[in-house]
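There are 2 protein chains.
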Amino acid sequence: MKVLRETIVSTARELFRSKGYSGASMNDLADAVGLKKSSLYVRFPNKEALVPAVLDLTLQETFGQRDLGSRQWDVEFIEVIELIAATLIDRGRCVGLHLAYGTSDDTPIAKDAVRAFFQAHRDHLSSILSRVMPVDVARDIATDTLARLEGATAFVAIFGEKDAMKRAVRLSIEEAQKAAETESLV
Amino acid sequence: MKVLRETIVSTARELFRSKGYSGASMNDLADAVGLKKSSLYVRFPNKEALVPAVLDLTLQETFGQRDLGSRQWDVEFIEVIELIAATLIDRGRCVGLHLAYGTSDDTPIAKDAVRAFFQAHRDHLSSILSRVMPVDVARDIATDTLARLEGATAFVAIFGEKDAMKRAVRLSIEEAQKAAETESLV
DNA sequence: GTCTATAGAAAGATAGAC
DNA sequence: GTCTATCTTTCTATAGAC
Numbered sequence: 001m002k003v004l005r006e007t008i009v010s011t012a013r014e015l016f017r018s019k020g021y022s023g024a025s026m027n028d029l030a031d032a033v034g035l036k037k038s039s040l041y042v043r044f045p046n047k048e049a050l051v052p053a054v055l056d057l058t059l060q061e062t063f064g065q066r067d068l069g070s071r072q073w074d075v076e077f078i079e080v081i082e083l084i085a086a087t088l089i090d091r092g093r094c095v096g097l098h099l100a101y102g103t104s105d106d107t108p109i110a111k112d113a114v115r116a117f118f119q120a121h122r123d124h125l126s127s128i129l130s131r132v133m134p135v136d137v138a139r140d141i142a143t144d145t146l147a148r149l150e151g152a153t154a155f156v157a158i159f160g161e162k163d164a165m166k167r168a169v170r171l172s173i174e175e176a177q178k179a180a181e182t183e184s185l186v
Numbered sequence: 001m002k003v004l005r006e007t008i009v010s011t012a013r014e015l016f017r018s019k020g021y022s023g024a025s026m027n028d029l030a031d032a033v034g035l036k037k038s039s040l041y042v043r044f045p046n047k048e049a050l051v052p053a054v055l056d057l058t059l060q061e062t063f064g065q066r067d068l069g070s071r072q073w074d075v076e077f078i079e080v081i082e083l084i085a086a087t088l089i090d091r092g093r094c095v096g097l098h099l100a101y102g103t104s105d106d107t108p109i110a111k112d113a114v115r116a117f118f119q120a121h122r123d124h125l126s127s128i129l130s131r132v133m134p135v136d137v138a139r140d141i142a143t144d145t146l147a148r149l150e151g152a153t154a155f156v157a158i159f160g161e162k163d164a165m166k167r168a169v170r171l172s173i174e175e176a177q178k179a180a181e182t183e184s185l186v
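So the protein sequences, as listed, match chains A and B. Sequential numbering from 1 applies to the first sequence in the UniProt record's numbering. Sequential numbering from 1 applies to the second sequence in the UniProt record's numbering.
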């Protein structure tokens, strides 16, 4: 029976998230979706080609059906980072970071996809923030917000602790609002 | 010719850092230190046993010859986190985090070693901070500091950017000093 | 303690039948 | 599009000579 492409991609995402790029095998993936290994090569030329597909799906789910600019900047900002934080707590790890650490010059397509993935995150947050502050400030706060979320994820992964993530969300929102106020006074 | 145990461990660390637990092979390690693969099994019973050795060495290098309590708390705090930040920028990745993501219930010894590694980091920072603030506040600030450093490392790894790390160090120091001042006024 | 040699399993990927 | 079967390489780990 035909298996949907999205099933393969989202299953590959779980494998990459938990086992990393080199730890996830095509055989594991085939078993998980109910196919034989060779059938995967009909849809994807090789293992590396799964990486852009996995990250594109994740970007789509995070930013896809979002109507940019129709609401208050802070409502949008809070909604996005709380969605990201909730996913990171739920899954316990960041698939993007695991792939970032697990790819190298040996896997240039995967490496490029990882860069694009994080750049898209930064650009999206930055575009929300830049409505109420200069672009360079917005970019730094977007970067620091993502860094905080990634770092807090480490404590979820290692100790199962969610507290650091909650503080990361709260502090990032406070930092953004403070910057917005500062700039509006100039 | 005999190869020093420390040479094997520090070489294994570089392999784990860049390729992760499953991506690093015993053959790569043997080649890198100038031994045959089978000779490694004389010193280490298996690949997993390298993980505690790698993380213990790193802990020793970070906290080993440090005389706790002989100087001002903030001098010690700044010195430690700047050492960690400098290493993370220099190597481009955190071996602890790569191993945290790369180990699982299949590798319980490695998983335990990773937990101990991060707990030791948190305990060390927390013990410095708790000289001038309550232990629960100290623990949260220690956690957030480590999370910030880990998150900033992602931007070093992915984009080669060092700015986020510089801000992480600066903001962590400011946060600690602010908490110390607040508590001294109570 | 290091070596050669090898076992045994698992990896990525391909060929060809249906 | 999925399957069986296979190729080739690489993996962890062990046995035994020196």
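Beta carbons are placed, not taken as given, at the ideal position from N, Cα and C, and that holds for glycine. Bear in mind that the values here come from a model prediction, so they are computed numbers and not experimental data.
- Annotation for A/Asn-27: the continuous alpha helix (DSSP H) segment containing it runs 26 to 33.
- Under the DSSP assignment, B/Ser-10 falls in the alpha helix (DSSP H) whose first and last residues are 5 to 23.
- In the displayed model, A/Lys-166 falls within a helix according to three-state DSSP.
- Residue environment analysis places B/Arg-170 among the exposed positions, since fewer than 16 neighbouring C-beta atoms fall within 10 angstroms of its C-beta.
- Under the 8 Å criterion on CB atoms, B/Glu-82 is classed as non-interfacial with respect to chain A.
- A straight-line Cα-Cα distance of about 49 Å links A/Ala-176 and A/Lys-36.
- Assigned with DSSP and collapsed to three states, B/Gln-65 falls in coil, not helix or strand.
- Taking 8 Å as the cut-off, the beta carbon of A/Arg-148 is found closer than this to the beta carbon of B/Ala-147.
- When the beta-carbon positions are compared, A/Ala-100 and A/Val-80 stay at least 8 Å from each other.
- When DSSP states are grouped into helix, strand and coil, A/Ser-130 belongs to the coil group.
- Taking C-beta atoms as the reference points, A/Asp-28 and A/Leu-40 fail to come closer than 8 Å.
- Secondary structure note for A/Glu-161: it is in no alpha helix (DSSP H), with a DSSP letter that is neither H nor E.
- Chain order gives no chain B residues near A/His-121, where near means a beta carbon separation below 9 Å; the closest approach is about 11 Å.
- Counting the other CB atoms within 10 Å of its CB gives A/Val-9 a total of 16 or more, which places it among the buried residues.
- In the displayed model, B/Pro-45 falls within coil according to three-state DSSP, outside both helix and strand.
- Classified as buried, A/Ser-22 has 16 or more neighbouring CB atoms from the shown chains inside 10 Å of its CB.
- Using a Cβ-Cβ cut-off of 7 Å, B/Arg-148 is close to Ala-147, Arg-148, Gly-151 of chain A, given in chain order.
- Residue contact with chain A for B/Ser-39: absent (no Cβ-Cβ distance below 8 Å to any residue of chain A).
- Sixteen is the threshold: when 16 or more other Cβ atoms of the shown chains lie within 10 Å of the Cβ of A/Thr-143, as they do, the residue is buried.
- Chain-order list of chain A residues neighbouring B/Arg-170: empty, with the shortest C-beta distance near 11 Å, by a criterion of under 9 Å.
- For A/Lys-2, the three-state secondary structure derived from DSSP is coil.
- Of the residues A/Val-95, A/Gln-119, A/Asp-106, A/Ala-138, the one whose Cα lies closest to the Cα of A/Arg-13 is A/Val-95.
- Contact annotation for B/Arg-167 against chain A: Asp-140, Thr-143, Asp-144, Ala-147 [CB-CB distance below 9 Å, chain order].
- In this structure, the straight-line span from the alpha carbon of A/His-124 to that of A/Pro-108 is close to 24 Å.
- Taking a Cβ-Cβ cut-off of 7 Å, the neighbours of A/Ile-158 in chain B comprise Ala-100, Val-114, Arg-115, Phe-118, given in sequence order.
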